[in-house]
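For the sequence shown, the residue numbers in numbering that gives the first Met the number 0 are 0 to 260. The C-beta atom is built at its ideal place from N, Cα and C for all residues, glycine as well. As the structure is a computational prediction, the values presented were derived from the model and not from experiment. Right, one structure below, let's go through it.
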Amino acid sequence: MGKMGALFVSDTHLRKGKDENYKKFMEFLSLVIRGQLPGGIEGGITDVFFLGDIFDFWFARRLQVYAEFRPVLERMAELQEKGIRIHLFEGNHDFFLKDYFEEWTNIFIYEDWGELVLDGYRFIMAHGDLIDHENRRYLFLRKILRTRAFYLFQRSLPLAWVWFLAGFSSDLGKEKRQLGEERLVEKMREFARKCFARGYEVAVFGHCHLPRIYVENYEGRPRVFVVLGDWLNYFTFLYYRNGILSLRDITGKNIGTGHLG
Numbered sequence: 000m001g002k003m004g005a006l007f008v009s010d011t012h013l014r015k016g017k018d019e020n021y022k023k024f025m026e027f028l029s030l031v032i033r034g035q036l037p038g039g040i041e042g043g044i045t046d047v048f049f050l051g052d053i054f055d056f057w058f059a060r061r062l063q064v065y066a067e068f069r070p071v072l073e074r075m076a077e078l079q080e081k082g083i084r085i086h087l088f089e090g091n092h093d094f095f096l097k098d099y100f101e102e103w104t105n106i107f108i109y110e111d112w113g114e115l116v117l118d119g120y121r122f123i124m125a126h127g128d129l130i131d132h133e134n135r136r137y138l139f140l141r142k143i144l145r146t147r148a149f150y151l152f153q154r155s156l157p158l159a160w161v162w163f164l165a166g167f168s169s170d171l172g173k174e175k176r177q178l179g180e181e182r183l184v185e186k187m188r189e190f191a192r193k194c195f196a197r198g199y200e201v202a203v204f205g206h207c208h209l210p211r212i213y214v215e216n217y218e219g220r221p222r223v224f225v226v227l228g229d230w231l232n233y234f235t236f237l238y239y240r241n242g243i244l245s246l247r248d249i250t251g252k253n254i255g256t257g258h259l260g
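Written out as structure tokens, the structure reads:
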């Protein structure tokens, strides 16, 4: 990809249009469509990366989707009409995305990891739920939920049942991590260092809801590790342009900056 301006967002956990996080996210996307960002920044956005758990749950059959999600899908279509490329990563709340998005939209879908070169810099990114290898129970459940058998089972149920069960399980199963949030950040930071040793210059993850950005020196060159935060408490996003990564919230406040040049 050539020179670009990119946005990275994760863990919006959209569910109902009346929810505060949903309304704020819709306002944010409207700004991006107009070529702006919070704080009066001129966006110049070419790509948007949604790094998982954008939807609090996801089930769809062909063109049938949960009605509450239609407004945000329409906003995504407006982004595309402006020539903005959308990259959508599966999270631990939203998976089986390919059925709908690859068949009916031009959105790029990533089931696990994404490895891209932006302005000559190597990025690795993911939702991040695969990083904590100590949480074996979760990893086992994740594997089952993504099997062909479960996929076929959920498709055999009436959609109304599936949406009810998905919402119910989401209420019961809100992230009960084996590690605390700060310790999960450290797990991710250790993993990011391994990525830097493999030649990546930027590592961006979601999943852990704390917004964090760290700059580290590796072999005399800067490397940047980012945890994107969420849209339940922090309302944060990462903005990239010209080798600079800026982690901000929707008021325009700069939480931290990483320079690659």
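Of the residues the options, which one's Cα is nearest the Cα of residue i?
i	options	result
aspartate 10	Gly242, Gly16, Phe24 and Glu77	Phe24
leucine 96	Gly43, Ala76 and Phe56	Phe56
tyrosine 109	Trp103, Val226, Phe49 and Ile130	Phe49
glutamate 218	Glu200, Arg211 and Pro210	Glu200
glycine 51	Phe195, Gly43, Phe107 and Pro157	Phe107
glycine 4	Val116, Cys207 and Ala66	Val116
leucine 156	Gly205, Thr250, Ile123 and Phe58	Phe58
histidine 278	Leu244, Phe224, Gly198 and His126	Beyond the ends of the chain as shown, which are 0 and 260, falls residue 278; an answer cannot be given.
leucine 13	Arg192, Leu72, Arg188 and Glu114	Leu72
isoleucine 249	Asp18, Glu26 and Asn91	Glu26
phenylalanine 54	Gly255, Lys252, Glu80 and Arg69	Arg69
glutamate 19	Val225, Thr45, Gly82 and Asn232	Asn232
phenylalanine 122	Gly198, Ile212, Arg220 and Thr235	Gly198
Give the DSSP bridge partners of residue i, in chain order.
i	result
asparagine 216	Pro221
phenylalanine 107	His86
glycine 257	Leu244
glutamate 114	Ile123
proline 210	Leu227
glutamate 41	Gln35
tyrosine 239	Ala5 and Leu244
Indicate the three-state DSSP secondary structure (helix, strand or coil) for residue i in the structure shown.
i	result
asparagine 91	coil
phenylalanine 48	strand
leucine 183	helix
phenylalanine 100	helix
phenylalanine 234	coil
phenylalanine 58	coil
Looking at the unbroken alpha helix (DSSP H) that takes in residue i, where does it start and where does it end?
i	result
leucine 30	19-32
methionine 124	Segment 120-125 is the beta strand (DSSP E) holding methionine 124; no alpha helix (DSSP H) there.
arginine 69	69-80
leucine 13	Here leucine 13 belongs to no alpha helix (DSSP H), and DSSP marks it neither H nor E.
Apart from the five residues just before and just after residue i, which ones in its own chain have a Cβ nearer than 7 angstroms to its Cβ?
i	result
tryptophan 103	Leu62
glutamate 174	Low per-residue confidence applies at glutamate 174: pLDDT is 46, beneath 50, and the placement is therefore not dependable enough to give any value.
lysine 15	Tyr21 and Glu67
May I ask which residues mark the beginning and end of the beta strand (DSSP E) holding residue i?
i	result
arginine 247	243-248
alanine 5	4-8
alanine 202	201-204
Give me, in chain order, the residues of the same chain whose beta-carbon lies closer than 6 angstroms to that of residue i; leave out the 5 immediate sequence neighbours on both sides.
i	result
aspartate 229	Asp10 and His208
leucine 28	Arg74
I'd like the list of long-range same chain contacts for residue i, defined as Cβ closer than 8 angstroms, with 5 residues on each side in sequence excluded.
i	result
glutamate 180	Cys207, His208 and Leu209
leucine 78	Leu28, Val31, Ile32, Val47 and Ile85
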